[in-house]
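Student: Numbered according to the working numbering, the sequence shown terminates at residue 255, and the numbering increases by one at each position without gaps.
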Amino acid sequence: MRTYCFNGPLWEVMDMVSTDRFLAFAAMSLLVIVIPGPSVLFVIGRALAHGRRTAVATALGNVVGSYLLVVAVAFGIGSLVERSVTVYLAVKLAGAAYLVFLGVQAFRHRKEMKAASIRADSAAPARGDLRTVLDGALVGVTNPKGVVFFAAVLPQFVDHSAGRLPLQMLLLGLVPISIGLVTDTLWGLTASAARAWFARSDRRLSLIGGAGGFTMIGLGLTVAVTGRAD
Numbered sequence: 026m027r028t029y030c031f032n033g034p035l036w037e038v039m040d041m042v043s044t045d046r047f048l049a050f051a052a053m054s055l056l057v058i059v060i061p062g063p064s065v066l067f068v069i070g071r072a073l074a075h076g077r078r079t080a081v082a083t084a085l086g087n088v089v090g091s092y093l094l095v096v097a098v099a100f101g102i103g104s105l106v107e108r109s110v111t112v113y114l115a116v117k118l119a120g121a122a123y124l125v126f127l128g129v130q131a132f133r134h135r136k137e138m139k140a141a142s143i144r145a146d147s148a149a150p151a152r153g154d155l156r157t158v159l160d161g162a163l164v165g166v167t168n169p170k171g172v173v174f175f176a177a178v179l180p181q182f183v184d185h186s187a188g189r190l191p192l193q194m195l196l197l198g199l200v201p202i203s204i205g206l207v208t209d210t211l212w213g214l215t216a217s218a219a220r221a222w223f224a225r226s227d228r229r230l231s232l233i234g235g236a237g238g239f240t241m242i243g244l245g246l247t248v249a250v251t252g253r254a255d
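In structure tokens form, the structure reads like this:
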């Protein structure tokens, strides 16, 4: 009988990351993620404006965008963004502008929101879901908090003596991504539950849609004026 041994590249990389290092990074990630940032507030805003289905798709998009940052850092691009004031500012302003755009759109269409739209969420076309995921990914990849965390914190937890640094970073990056997916989804579901209560009245639903739009606009402006000052 042939004996199979799990000694491929993935298992070798997992052996490189010690349990202590892994748990320390998980704890650090949790501390950072539990503090609501642009991604969380974006999910909440979308949940208030569009409901549960959109909130979940947005949370998924956020983690996709965040993992793109992990890939960028693993292969050296992230450090360029974090160290260059010009590039960092460009990324930050691009993300802020997109948040404001989405907020304006939500506010403009607030009067089109009806109680019946809550029940129609599950029947939304797949293309709309994909677009929502892409919206979340764009916000996730331009999130200044994510850029700084992955560029400045992630490299500190790799074992340089073990080699294969990019693979170690890709593996460790799954930790905050997994935590973020759970927490962002919970935030979105909680906000969408509040929206469902408002949906008993078309007028109240319109108000909450406008509030979601204002949340995203305010978030975009906050992202634009905060961050590095060097």
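Where is the CB? At the ideal position from N, CA and C, for every residue including glycine.
Val57: which of Ala84, Phe174, Leu246 sits nearest, CA to CA?
Tutor: Within the sequence shown, residue 57 is the residue found at index 32, counting from 1. Measuring from the Cα of Val57, the nearest candidate turns out to be Phe174.
Student: Please classify Phe67: is it buried, with 16 or more other beta-carbons within 10 angstroms of its beta-carbon, or exposed?
Tutor: Here residue 67 refers to the residue found at position 42 when the sequence shown is read from its first residue. Label assigned to Phe67: buried.
Student: Counting along the chain, where does the alpha helix (DSSP H) carrying Asp45 start and finish?
Tutor: As a first step, residue 45 must be located in the sequence shown, where it is residue number 20. That run of the alpha helix (DSSP H) goes 44-58.
Student: Can we say the region 193-202 touches the region 120-129, given the rule of at least three CB pairs closer than 8 angstroms?
Tutor: They do not touch, by the three-pair rule.
Student: Could you spell out the range, first to last residue, of the alpha helix (DSSP H) harbouring Leu25?
Tutor: Summary: the structure shown does not reach residue 25, with the chain confined to residues 26 through 255, and so no result is reported for it.
Student: Rank Arg228, Phe182, Ala249 by C-alpha distance to the C-alpha of Thr44 and give the top, closest one.
Tutor: Position 19 of the sequence shown, counted from the first residue, corresponds to residue 44. When each option's Cα is compared against that of Thr44, the closest is Phe182.
Student: Can you tell me whether Arg133 is helix, strand or coil according to DSSP?
Tutor: Along the sequence shown, one-based indexing puts residue 133 at 108. It is helical.
Student: Inspect the beta-carbon positions of Gly188 and Ala80 and report whether they are closer than 8 angstroms.
Tutor: Working through the sequence shown from its first residue, we reach residue 188 at position 163. Working through the sequence shown from its first residue, we reach residue 80 at position 55. For Gly188 and Ala80, no; Cβs fall outside 8 angstroms.
Student: Please work out which residues of its chain come closer than 7 angstroms, Cβ to Cβ, to Phe100, disregarding the five sequence neighbours upstream and downstream, and give them in chain order.
Tutor: Indexing the sequence shown from 1 puts residue 100 at position 75. The answer, listed in chain order, is Pro191.
Student: For Asn87, which three-state DSSP category applies?
Tutor: By 1-based counting over the sequence shown, the position of residue 87 is 62. Here Asn87 sits in helix by DSSP.
Student: Residues in the same chain with beta-carbon distance under 7 angstroms from Leu163, minus the five sequence neighbours each way, listed in chain order, please.
Tutor: Reading the sequence shown from its first residue, position 138 is the one you call residue 163. For Leu163, where only same-chain residues beyond five positions count, the Cβ hits under 7 angstroms are Gly90, Tyr123.
Student: Label Asp184 either buried or exposed according to how many other C-beta atoms from any shown protein chain fall within 10 Å of its C-beta, with 16 as the threshold for buried.
Tutor: Reading the sequence shown from its first residue, position 159 is the one you call residue 184. Exposed, by the Cβ-count rule.
Student: Which residue comes first and which comes last in the alpha helix (DSSP H) that contains His75?
Tutor: Within the sequence shown, residue 75 is the residue found at index 50, counting from 1. First-last of the alpha helix (DSSP H) with His75: 63-75.
Student: Could you tell me whether the Cβ atoms of Gly3 and Gly171 are closer together than 8 angstroms?
Tutor: What the structure shows of the chain is the stretch from 26 to 255, and residue 3 is not part of that stretch, so it cannot be assessed.
Student: Alpha carbon to alpha carbon, how far is Arg220 from Asn168? Give it in angstroms, no decimals.
Tutor: On the sequence shown, position 143 is the one that residue 168 refers to. On the sequence shown, position 195 is the one that residue 220 refers to. Each residue's Cα considered, the two are about 26 angstroms apart.
Student: Take Val59 as the anchor and find which of Gly70, Arg228, Ser203 has the nearest alpha-carbon.
Tutor: Position 34 of the sequence shown, counted from the first residue, corresponds to residue 59. The shortest C-alpha separation from Val59 is found at Ser203.
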